[in-house]
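The next block holds one structure in the form of structure tokens; read it before the comments.
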Amino acid sequence: MKKILIPVFALALLSSCDVLDKQPLPTIAPENFFQSADDAEAALTAAYDALQATGLYSQDLITVGEMPSDNCTSTNGDVTTLDRINWTPTTSQVGNIWRDSYLGINRANAILKYVPNVSMPTERKNQILGEAYFLRSLHYYNLVRLYGAVPLRLAPTETGDPSVIALPRTSSEAVYAQIVADLNTADGLAPASNPNRITKGAVNALLTKVHLTQRQWGEAVTAANKVINSGTYSLLPSFKGLFPAENKAPETILEVQNQGNADGNNILPDLILPSPPATYSFPKFNIPTAELLQYADTSSFLAGGGRKLNADKRWTLVGRTNAGRDYASFVYSTNSNANDNGPFVYKWPGAPNAFNSPDNTYILRYADVLLMYAEAANEQSGPSADVLAKLNLIRTRAGLEALTTTSPQYASKKAMRDEIDRQRRLELAFEGERWYDLLRYARHNQAEPGAHAVTALNLIQQNLNRSDVNYLLFPLPQAEINNNAQLQQNPGY
1 MKKILIPVFA
11 LALLSSCDVL
21 DKQPLPTIAP
31 ENFFQSADDA
41 EAALTAAYDA
51 LQATGLYSQD
61 LITVGEMPSD
71 NCTSTNGDVT
81 TLDRINWTPT
91 TSQVGNIWRD
101 SYLGINRANA
111 ILKYVPNVSM
121 PTERKNQILG
131 EAYFLRSLHY
141 YNLVRLYGAV
151 PLRLAPTETG
161 DPSVIALPRT
171 SSEAVYAQIV
181 ADLNTADGLA
191 PASNPNRITK
201 GAVNALLTKV
211 HLTQRQWGEA
221 VTAANKVINS
231 GTYSLLPSFK
241 GLFPAENKAP
251 ETILEVQNQG
261 NADGNNILPD
271 LILPSPPATY
281 SFPKFNIPTA
291 ELLQYADTSS
301 FLAGGGRKLN
311 ADKRWTLVGR
321 TNAGRDYASF
331 VYSTNSNAND
341 NGPFVYKWPG
351 APNAFNSPDN
361 TYILRYADVL
371 LMYAEAANEQ
381 SGPSADVLAK
391 LNLIRTRAGL
401 EALTTTSPQY
411 ASKKAMRDEI
421 DRQRRLELAF
431 EGERWYDLLR
441 YARHNQAEPG
451 AHAVTALNLI
461 QQNLNRSDVN
471 YLLFPLPQAE
481 INNNAQLQQN
491 PGY
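Start counting the sequence shown at 1; every next residue gets the next number (UniProt numbering).
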């Protein structure tokens, strides 16, 4: 995404990067800022820019989506807290995600308040509003599935007065209802085509996720069908071709646009570089779990170099070498410094300088929609030819045989559920989805005991010997508790 500088007004619409400008910029009241179509466009750019924050898709949201899960582990620095599910109200990621999500919400709220009064073409104005509704819903979705009940702020913060800005928590149910309402509004405003920006496809893909999280199977199927039946999206022929993520139409639905500028806008690939720059000091997650390695032919890791791992092309060697070694696309080094001792993640090939990778970051892609559709349809009605058709698109692209009605995976709802889970895990590995999937499965298990063999609660019990379901949620950041007397901490913290 191209970054621009605009004058600061009370809503702080500048970049959320921690790198500060040395020269102070003028302050403009928000009601004076939104005077023209160009101002509306600048505010929208700032709203998109918030997605690149450290607490969101540049680092923490993806790290949190993988590190506590059964995909990977680490003994390296700060991420060990996530790996061991031992987070506290002062854990950095707990505060970063909260802070940067509300920054994004505030920017979207500013657009929704002021752009309706800007004189500009109605069609473009409606598109901007639709994009802002989507962005607000995306941030609230990330918040509610991690923290549970959160303050629901639907107007921009224009004062520092604590008596005005301090809000109590709103129930998860009400937050989800607002997310759905925002997405339904966005669906009526967003365009079908909008290169590198939010579209109806993105709206309905996110709506599918929201309904799936709430076990609303029929609604999830309906939303996913809108994406599938639009005719806009399809899988790329090669899974390898998805990476690095640089506008990989027609599979891309929404991704964070990065340019690799020297402003620290994307450090995610550098968390897993095999040979990071000397100036790089951030902790990495780069040790595969033994359970994940069961999906591969681990004999491939014999001395002497890499070999083809198995029939699943998602494990195919991709040609990137380091000190004469080939590396697999998914599994990464058994050495905590990610040097020459084994495979590393190749979904993000890395950048010549830390913090500035030009690789885009997927938020939504078509394969995810197909898998969500299959999951929701299977939970709603059990295995069917329709479920098989969607799942087989994923399997055959990966080089696996298509399933049939005589396959063991078709024998029951649970057997199909397990296969869908397996395909989600392989297809979306290290894209920041696994922990959220496990959270969803844990909530499903509470409603339907035994529904899923592996859930976030299983990992909590294994790592901490805690059976407390409270650890399915993050704590609220301690700084927020200290500054807002109306906030009550999540139980267990």
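Even for Gly, the Cβ is constructed at its ideal location relative to N, Cα and C.
None of these values were measured; they are calculated from a predicted model.
Secondary structure of residue 253 (DSSP, three-state): strand.
Burial is judged here by how many other beta carbons sit within 10 angstroms of a residue's own beta carbon; residue 29 has fewer than 16 and is exposed. For residue 96, the three-state secondary structure derived from DSSP is helix. Taking C-beta atoms as the reference points, residue 224 and residue 372 count as a pair closer than 9 Å. Here DSSP, grouped into helix, strand and coil, assigns residue 140 to helix.
Between residue 53 and residue 188, the alpha-carbon positions lie close to 28 Å from each other.
Shortest Cα-Cα distance from residue 477 to any of 95, 41 and 86 involves 95. Counting C-beta atoms within 10 angstroms of its own C-beta, residue 122 has fewer than 16 neighbours from the protein chains shown and is therefore classed as exposed. Excluding sequence positions up to five before and after residue 36, its CB lies within less than 8 Å of the CB of 118, 119 and 120, all in the same chain and listed in chain order. With fewer than 16 other CB atoms across the displayed protein chains lying within 10 angstroms of its CB, residue 38 is exposed. A distance below 7 Å between beta-carbons, with the five flanking residues on each side excluded, links residue 217 to the following residues of its chain, in chain order: 376, 379 and 380. Nearest in C-alpha terms to residue 255, of all of 138, 399, 409 and 214, is 138.
The C-alpha of residue 161 lies about 41 Å from the C-alpha of residue 441. In the DSSP annotation of this structure, the continuous segment of the alpha helix (DSSP H) that includes residue 179 starts and ends at 172 to 189. In this structure, the alpha-carbon of residue 127 lies about 44 Å from that of residue 405. For residue 65, the CB contacts under 8 Å within the same chain, skipping 5 residues up- and downstream, are 431, 432, 433, 434, 435 and 436 in chain order. As the crow flies, the alpha-carbon of residue 412 is around 30 Å from that of residue 237. When secondary structure is reduced to three states using DSSP, residue 361 falls in the strand class. Assignment of residue 164 by DSSP, reduced to helix, strand and coil, places it in the helix class.
Distance from residue 168 to residue 487 at the Cβ level is roughly 7 Å; contact confirmed, criterion being Cβ atoms closer than 8 Å. Judged by beta-carbon spacing, residue 62 lies within the 9 Å limit of residue 361, meaning their Cβ atoms are closer than that value. With contact defined as three or more Cβ pairs closer than 8 Å, the stretch 447 to 457 and the stretch 386 to 401 are not in contact. Per DSSP, the beta bridge partners of residue 150 are 170. Its Cα nearest to that of residue 240, the residue 428 stands out among 428, 459 and 474.
Contact check for residue 190 and residue 130: beta-carbon distance about 4 Å, within the 8 Å limit, so the pair qualifies. It is roughly 8 Å from the alpha-carbon of residue 200 to the alpha-carbon of residue 186. Excluding the 5 residues flanking it on each side, residue 68 has same chain C-beta neighbours closer than 6 Å at 82, 85 and 435, in chain order. With respect to the 9 Å criterion, residue 424 and residue 386 are not classified as neighbours on the basis of their beta carbons. Exposure of residue 31 is indicated by the presence of fewer than 16 other C-beta atoms within 10 angstroms of its C-beta. A check of alpha carbon separations from residue 134 across 109, 157 and 124 identifies 109 as the nearest.
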